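Line by line, the protein sequences are chains A and B.
For the numbering used here, add 232 to where a residue sits in the first sequence, where the first one is 1.
For the numbering used here, add 124 to where a residue sits in the second sequence, where the first one is 1.
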Amino acid sequence: MIALRSTLAGRIFLTVASTVILLFLALPIVLIVVTSFGKDAFGAFPPDSWTLGWYKVLFADGSKWPAALSLSALIASLTTVFSLLLGITAATALVRSNLPLRSAVYGLVLAPLVIPQVVIALGLFLLFEPAAMLGSPIAIALGHTVLASPIAVMILMATLKGIDERLEDAAASMGANRLTVARRITLPLAMPGMIAAAVFSFITSFDEFFISQFLSSVDTTTLPVQVFNVLQFDVDPSVTAISAVLIAIAVLALVLVAAVRRLGGAEKQDGLLPTEPAVGLSTGSETS
Amino acid sequence: MAGSLLAPAPPAPGAATPAAGTGRLHRLRRALSERRTRFGLLNAAPVVVYLLVLFVYPIFSTLLLSLKGEEGGWTLHWYADALQGSNLEVLFTTLRISAETSLLSLVIGFLLAAAVSRLKPLWAGLVMIIVIVPHFISALVRTYGWIILLGERGVVNNALTDLKVPGAPFQMLYNEIGVVIGTTSVMLPYTVLLLYAVMRGIDRRLPAAAASMGAGRLTIFRRVYLPMVAPGLVNAGILCFILCLGYYLTPALMGGPKQTMVASLISEQVMKQNQWNGAAALGIILLLLTFGGLLLLRLIKAVSEAAKNRGIS
């Protein structure tokens with residue numbers, strides 16, 4: 233391709249600048265992981281001596297972290313189920329049917345991604361408080377689903393668009409009924425997308441802070457709320473270890489999605505990343 | 125999920141259809157398309173009902189709450205409160221920090237996206253992993269990382285002191301520098317991704333063509349490259365601004381009293397002062413600002429498309 237060659241100075245500048253920017257993105261994360269193994273929790277970097285002590289503190293008797301961790305996992309699992317159910321039906325409607333008012337439905341589905349979360353949280357409080365559901369894991373999961381389902385819909389829409397409709401038609405023409413087609417053709421082909429949707433729904437809920445804080449009660453504090461409280465009031469070095477655990481969970485989830493995509497043979501399937509909604513929204517068009 | 129099998133066969137114009145069959149075919153096609161519509165409505169229903177109950181209705185009740193007087197009746201006095209004195213200052217702080225953050229994210233995002241779009245696919249992929257992975261790591265955790273990094277005896281200050289930078293150690297926490305650094309790192313993946321998508325779509329032959337006709341580098345950048353990426357820059361900037369407006373975690377943890385943003389104020393009014401009406405009014409103001417930004421995005425898109433069409437014809 234004929235392209236304008238950049239000057240040496242320009243290339244050096246861009247290389248240095250992008251290295252600094254990448255450090256800017258990666259450093260806070262790397263620092264937490266490394267520091268969590270250091271003896272002196274807030275001391276020198278890299279630490280002088282190493283320990284697993286902070287992780288032991290996390291799971292020691294009387295620690296408040298295991299309860300928060302399991303509550304967050306429960307809520308995130310519920311959210312994943314809700315969000316997949318909504319995502320599968322919604323993506324089917326948006327991709328594989330004549331839907332009246334299609335763009336209105338699509339806009340409604342994406343709206344929670346740009347509406348300030350504090351407004352959503354405030355509204356959900358007003359909804360659940362009269363129903364005496366504050367502090368209920370189900371209420372928090374229902375709230376998280378508002379944020380997770382748009383992501384699931386986006387991913388599943390991209391997945392469905394990537395499946396050749398003629399395969400389904402061929403199966404149907406050979407006498408398979410609708411359910412058989414869905415079960416034997418569409419579902420296996422959509423599996424990588426479904427797993428990606430599930431994983432990202434789980435992470436969205438697992439990391440969500442505002443809705444959890446507004447809907448929590450004294451005995452239901454999710455992990456992020458707990459971390460936030462610790463950071464605001466009493467800084468306790470075990471928070472570094474729990475942060476490292478959160479990083480590990482997120483990275484594992486991403487590796488899982490990448491592995492499934494690779495196994496599913498999707499060498500380059502665009503649209504599986506939930507950052508796409510932001511792109512789609514800002515341009516007001518669909519990423520196809 | 126198997127709605128496709130109900131798809132009407134694409135009409136074949138000019139195909140030799142027996143005249144007698146056309147009417148029946150037409151009716152059949154209409155029946156099929158009606159079934160496809162019903163199938164769509166059935167499948168869209170769950171998500172629409174869900175979002176109406178748990179998303180639209182709650183926001184609507186927030187709106188009602190913000191308009192309710194203390195002794196019943198309707199009032200605008202919560203809005204008057206929200207737009208007065210220290211509350212108004214918080215609103216301006218929010219706009220200022222959001223503007224600073226989006227500007228910084230745009231500049232940094234532009235540099236990185238420009239660099240990545242010149243890389244070979246393999247390297248570009250690796251760099252994008254470093255951009256995307258942090259996006260999926262809890263913002264709370266990343267903020268905590270910044271708190272450790274920017275502390276008085278944190279890594280950054282230690283490095284600056286060792287380098288004998290005058291004035292080190294700097295105060296970078298609990299002031300605006302900290303908030304803008306932290307928030308920018310949260311917003312950066314968005315701008316990089318948006319700008320990268322735009323830059324990848326640019327025809328690299330155009331700058332080369334301009335050069336062949338004798339344009340200098342600065343002229344090429346200003347007259348050829350910048351106009352091509354400008355819509356992307358505006359998009360990314362506005363989106364980043366909107367997302368910042370309601371952002372809470374990083375400003376709350378890394379800012380001082382002068383960096384209180386609207387979301388923190390709402391949280392404080394609810395948690396500490398039990399002042400629901402005022403919080404609701406602030407929430408609605410935040411919502412209106414967001415709508416304003418989204419409207420602006422639409423408008424700019426319409427204008428730039430109109431300009432493009434004019435250019436073609």
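Note that CB positions come from ideal geometry on N, CA and C, so glycine has one too.
No experiment lies behind these values; they were computed from the predicted model shown.
Requested in this report: Can you grab the Cα-Cα spacing for the pair A:Glu499 / B:Trp400, in whole Å?
Outcome: Its pLDDT being 47, under 50, A:Glu499 is placed unreliably by the model, and nothing is read from it.
Query - CB contact check: A:Leu257 to chain B, cutoff 8 Å - result: yes
Query raised in the report: When you check each C-beta in the segment 318-330 of chain A against every C-beta of chain B, which residues fall closer than 9 Å?
Result: Leu318, Gly319, Ile320, Thr321, Ala322, Ala323, Thr324, Ala325, Leu326, Val327, Arg328, Ser329 and Asn330
Query raised in the report: Among B:Thr343, B:Pro351, B:Tyr320 and B:Leu175, which one has its Cα closest to the Cα of B:Val255?
Result: B:Tyr320
Report task. Could you round the C-beta distance between A:Phe442 and B:Tyr372 to whole angstroms and report it? I think they count as a contact, below 8 Å. Result -> 6 Å
Report task. Could you name the residues of the same chain whose beta carbon sits closer than 8 Å to that of B:Glu429, not counting the 5 residues immediately before and after it, in chain order? Result -> none
Query raised in the report: Does the Cβ of B:Asn211 have 16 or more other Cβ atoms within 10 Å, making it buried, or fewer, making it exposed?
Result: buried
Query raised in the report: So what's A:Lys288 in DSSP terms, helix, strand or just coil?
Result: helix
Query raised in the report: In chain A, which residues lie less than 9 Å from B:Asn167 when you measure between Cβ atoms?
Result: Ile320, Thr321, Ala322, Ala323, Thr324, Ala325, Leu326, Arg328, Ser329 and Leu331
Query raised in the report: Quick one: Cα of B:Ala237 to Cα of B:Met323, how far?
Result: 7 Å
Report task. For B:Lys432, name the three-state secondary structure that DSSP assigns. Result -> helix
Query - Rounded separation between B:Gly164 and A:Gly319 - CA only - result: 13 Å
Query raised in the report: Near A:Val462, which residues of its chain fall below 6 Å by C-beta distance, leaving aside the five closest residues on each side in sequence?
Result: Asp468 and Val471
Query raised in the report: Between A:Pro279 and A:Asp272, which are expected to be in contact by the criterion C-beta below 8 Å, what is the C-beta distance as a whole number of angstroms?
Result: 6 Å
Query raised in the report: Around the Cβ of A:Val385, are there at least 16 other Cβ atoms within 10 angstroms (buried) or fewer (exposed)?
Result: buried
Query raised in the report: If you measure beta-carbon to beta-carbon, which residues of the segment 342-366 of chain B are closer than 8 Å to chain A?
Result: Ile344, Asn359, Ala360, Ile362, Leu363 and Ile366
Query - Selection from A:Ser329, A:Trp297 and A:Leu257 that minimises the alpha carbon distance to A:Ile474 - result: A:Trp297
Query raised in the report: If you run the structure through DSSP and keep just helix, strand and coil, what is B:Lys192?
Result: strand
Query raised in the report: List, in order along the chain, the chain A residues whose C-beta lies closer than 8 Å to that of B:Phe234?
Result: The premise fails here: B:Phe234 is roughly 10 Å from chain A at the closest Cβ pair, so nothing lies under 8 Å.
**Report entry** Helix, strand or coil at A:Ser295 according to DSSP, with G and I counted as helix
**Finding:** coil
Query raised in the report: Looking only at its own chain, which residues have a Cβ that is under 6 Å from the Cβ of B:Trp270, when we skip the five neighbours before and after it?
Result: Gly306
Query raised in the report: Looking at the unbroken alpha helix (DSSP H) that takes in A:Ser335, where does it start and where does it end?
Result: Arg334 to Leu342
Query raised in the report: Is it buried or exposed for A:Val248, if we count other Cβ within 10 angstroms and need 16 for buried?
Result: exposed
**Report entry** Distance between A:Glu397 and B:Leu129 (C-alpha atoms, nearest Å)
**Finding:** Because B:Leu129 sits at a pLDDT of 40, beneath the cut-off of 50, its placement in the model cannot be relied upon, and the point is left open.
Query raised in the report: Can you name the residues of chain B whose CB is closer than 7 Å to the CB of A:Gly355?
Result: Pro182, Ile183, Ser185 and Thr186
**Report entry** Neighbour list for A:Thr311 in chain B, Cβ cutoff strictly below 7 Å
**Finding:** The contacting residues do not exist; A:Thr311 stays about 12 Å from chain B at best.
Query raised in the report: For B:Thr343, is the classification buried or exposed, using 16 other Cβ atoms within 10 angstroms of its Cβ as the cut-off for buried?
Result: exposed
Report task. Note down, one range per segment and in chain order, each alpha helix (DSSP H) of at least 4 residues found wholly within the segment 252-298 of chain B. Result -> 263-274 and 279-286
Query raised in the report: So what does DSSP say about A:Ser449, is it helix, strand or coil?
Result: strand
Report task. With 8 Å as the threshold, decide whether the Cβ of A:Thr391 is near any Cβ in chain B. Result -> no
Report task. Please confirm whether any heavy atom of the ligand ATP lies closer than 7 Å to the CB of B:Leu330. Result -> Looking for the ligand ATP in the displayed structure turns up nothing, as the structure carries no ligands at all.
Query raised in the report: Would you say B:Leu410 reaches chain D, if we count a Cβ-Cβ gap shorter than 8 Å as a contact?
Result: Absence of chain D from the displayed structure is noted, the protein chains being A and B.
Query - C-beta contact flag for A:Leu356 and B:Pro381 at 8 Å - result: no
Report task. Could you please give the first and the last residue of the uninterrupted alpha helix (DSSP H) stretch that includes B:Gly380? Result -> Element bounds for B:Gly380: n/a, residue is neither H nor E.
Query raised in the report: If we ignore side chains and look at the alpha-carbon of each, how far apart do B:Gly193 and B:Leu200 end up?
Result: 8 Å
Query raised in the report: When you check each C-beta in the segment 151-180 of chain B against every C-beta of chain A, which residues fall closer than 9 Å?
Result: Ser157, Glu158, Arg160, Thr161, Arg162, Phe163, Gly164, Leu165, Leu166, Asn167, Ala168, Ala169, Pro170, Val171, Val172, Tyr174, Leu175, Leu176, Val177, Leu178, Phe179 and Val180
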